[in-house]
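Encoded as structure tokens, the structure appears first; notes follow it.
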Amino acid sequence: MTFRHRHLLGIEPLAPAEITAILDLADSYVDLNRSSVKRGTALEGLTQINMFFEASTRTQASFEIAGKRLGADVMNMAMQASSIKKGETLIDTALTLNAMHPDLLVVRHPHSGAVNLLAEKVNAAVLNAGDGKHEHPTQALLDALTIRRKKGRLHRLTVAICGDIAHSRVARSNILLLGKMENRVRLVGPPTLMPARIHEFGVEVFDNMHAGLEGADVVMMLRLQKERMDGGFIPSEREYYHRFGLDAEKLSYARADAIVMHPGPMNRGVEIDGTIADDINRSVIQEQVEMGVAVRMAAMDLLARNLRAARAPESVLV
Ligand code: NCD
592 MTFRHRHLLG
602 IEPLAPAEIT
612 AILDLADSYV
622 DLNRSSVKRG
632 TALEGLTQIN
642 MFFEASTRTQ
652 ASFEIAGKRL
662 GADVMNMAMQ
672 ASSIKKGETL
682 IDTALTLNAM
692 HPDLLVVRHP
702 HSGAVNLLAE
712 KVNAAVLNAG
722 DGKHEHPTQA
732 LLDALTIRRK
742 KGRLHRLTVA
752 ICGDIAHSRV
762 ARSNILLLGK
772 MENRVRLVGP
782 PTLMPARIHE
792 FGVEVFDNMH
802 AGLEGADVVM
812 MLRLQKERMD
822 GGFIPSEREY
832 YHRFGLDAEK
842 LSYARADAIV
852 MHPGPMNRGV
862 EIDGTIADDI
872 NRSVIQEQVE
882 MGVAVRMAAM
892 DLLARNLRAA
902 RAPESVLV
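FYI, the numbering for the sequence shown is 592 to 909, going by my numbering.
Laid out in structure tokens, this is it:
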């Protein structure tokens, strides 16, 4: 087996061969998802619980569809309306759920590190669906699958990640993944939206779109994460759009065959012009959503294989 983890908490612990194994399996699930009968058996008999402590539309729906297509019993916990409101701690909630014997726990949480902490307390395989500003591994994997399918490779590409890098777990996971696969990563945005000590990540940093996009194969736009800001990061949305919003003129600095990506949800007219986002010749935003389901099926399938192997009495897997 080429993927030997109990949980999927981040890109950081993954080896390049493990990333490739997930993407290869995901490719086969893309075919399944495009067929008329979308039914696999990899998760049959398993219980998947989605715990989203932060609002989510596409990620939660994507994990739910992925689990159902592979035969899992899927339950969504409405965490906003739950006993968290009554003061229960994250760990108590986790232990309560653990007693119901779930096999897969998909967790999104506003605090960086919360999902790792939870993974230490439960028997299920835990998948991080985004924790604070830390990691969002399935997003980086679905982005990688989209890039690999569109560009025919996932190495020696120049990828410009643009916008609100400082607040973005998507940026962090993508920087890690693209670096492991030997691509050139550029970060483009105002200095106020760059994390401290960013140069340690082996990336190039630009504060203007012209230089940052020059010759790029992939232009990845990020949402301005207003909910994680307490004011003062940008002068105004108008000014931000003028300097950093992706429009046809700024995109013309990139390679003529460059693809445009965005993890969603988009702020049209803030970080991206609506016509660019909708241009099917450049934008792969809908493909990203499609790849998301396949990547999550692949990740849960691989984790379930390890779970079953670990439960088998003769197992040597740790
Ligand atoms: C991202 C997230 O939640 O981190 N969205 C997503 O998973 N589709 C990015 C964002 O919220 O801007």
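Every residue gets a Cβ at the ideal spot worked out from N, C-alpha and C, and that includes glycine. As the structure is a prediction and not an experimental result, all values here were calculated from the model.
Let's test the definition: count the other Cβ atoms within 10 Å of the Cβ of residue i and tell me whether it reaches 16, buried, or not, exposed.
{"i": "T650", "result": "buried"}
{"i": "P604", "result": "exposed"}
{"i": "T749", "result": "buried"}
{"i": "P693", "result": "buried"}
{"i": "T737", "result": "buried"}
{"i": "E609", "result": "buried"}
{"i": "K712", "result": "exposed"}
{"i": "P607", "result": "exposed"}
{"i": "R630", "result": "exposed"}
{"i": "M670", "result": "buried"}
{"i": "A685", "result": "buried"}
{"i": "D683", "result": "exposed"}
Would you report the Cα separation of residue i and residue j, rounded to the nearest angstrom?
{"i": "G796", "j": "G803", "result": "It is worth fixing the name first, because residue 796 is Val in this sequence and not Gly. Going from the Cα of V796 to the Cα of G803 covers about 8 Å."}
{"i": "V628", "j": "T638", "result": "22 Å"}
{"i": "E791", "j": "R777", "result": "13 Å"}
{"i": "G855", "j": "V884", "result": "15 Å"}
{"i": "A849", "j": "L837", "result": "13 Å"}
{"i": "P781", "j": "S626", "result": "44 Å"}
{"i": "R846", "j": "L784", "result": "25 Å"}
{"i": "L580", "j": "S764", "result": "Look at the range of the chain in this structure, 592 to 909, and you will see that residue 580 is not part of it."}
{"i": "L745", "j": "L767", "result": "13 Å"}
{"i": "V875", "j": "V851", "result": "6 Å"}
{"i": "A612", "j": "F594", "result": "7 Å"}
{"i": "S827", "j": "L599", "result": "37 Å"}
{"i": "L616", "j": "M642", "result": "25 Å"}
{"i": "G793", "j": "R775", "result": "9 Å"}
{"i": "V698", "j": "A762", "result": "19 Å"}
{"i": "V665", "j": "A895", "result": "14 Å"}
{"i": "D808", "j": "V706", "result": "33 Å"}
{"i": "A663", "j": "L696", "result": "12 Å"}
{"i": "I656", "j": "A751", "result": "30 Å"}
{"i": "E830", "j": "G860", "result": "11 Å"}
{"i": "A735", "j": "A903", "result": "33 Å"}
{"i": "Y844", "j": "V810", "result": "10 Å"}
{"i": "N667", "j": "S703", "result": "22 Å"}
In the structure shown, what three-state DSSP assignment does residue i receive?
{"i": "N719", "result": "strand"}
{"i": "L745", "result": "coil"}
{"i": "D870", "result": "coil"}
{"i": "D734", "result": "helix"}
{"i": "I825", "result": "coil"}
{"i": "E789", "result": "Inspection of the sequence shows that residue 789 is occupied by Ile rather than by Glu. Three-state DSSP puts I789 in a helix."}
{"i": "Q928", "result": "Residue coverage of the chain in this structure runs from 592 to 909, which leaves residue 928 outside it and unanswerable."}
{"i": "D848", "result": "coil"}
{"i": "H700", "result": "strand"}
{"i": "M888", "result": "helix"}
{"i": "L605", "result": "coil"}
{"i": "L804", "result": "helix"}
{"i": "R584", "result": "Outside the displayed range of the chain (592 to 909) lies residue 584, so it cannot be described from this structure."}
{"i": "N667", "result": "strand"}
{"i": "M811", "result": "strand"}
{"i": "E862", "result": "coil"}
{"i": "F654", "result": "helix"}
{"i": "M882", "result": "helix"}
{"i": "L767", "result": "helix"}
{"i": "A839", "result": "helix"}
{"i": "L709", "result": "helix"}
{"i": "A751", "result": "strand"}
{"i": "L784", "result": "helix"}
{"i": "V796", "result": "strand"}
{"i": "E726", "result": "strand"}
{"i": "I876", "result": "helix"}
Would you grab the beta carbon distance between residue i and residue j for me? Rounded to a whole angstrom, and I think it's under 8 Å.
{"i": "G770", "j": "M812", "result": "Between M812 and G770 the Cβ distance is about 19 Å, and since that is not below 8 Å, they are no contact."}
{"i": "L898", "j": "A716", "result": "5 Å"}
{"i": "L688", "j": "I640", "result": "6 Å"}
{"i": "D720", "j": "F654", "result": "Reading off the sequence shown, one finds Ala at residue 720, where the question assumed Asp. Yes, A720 and F654 are in contact; Cβ-Cβ is about 6 Å, under 8 Å."}
{"i": "G888", "j": "L661", "result": "Looking at the sequence provided, one finds Met at residue 888 rather than Gly. Confirmed, about 6 Å."}
{"i": "R739", "j": "L614", "result": "6 Å"}
{"i": "R760", "j": "K724", "result": "6 Å"}
{"i": "M882", "j": "L733", "result": "4 Å"}
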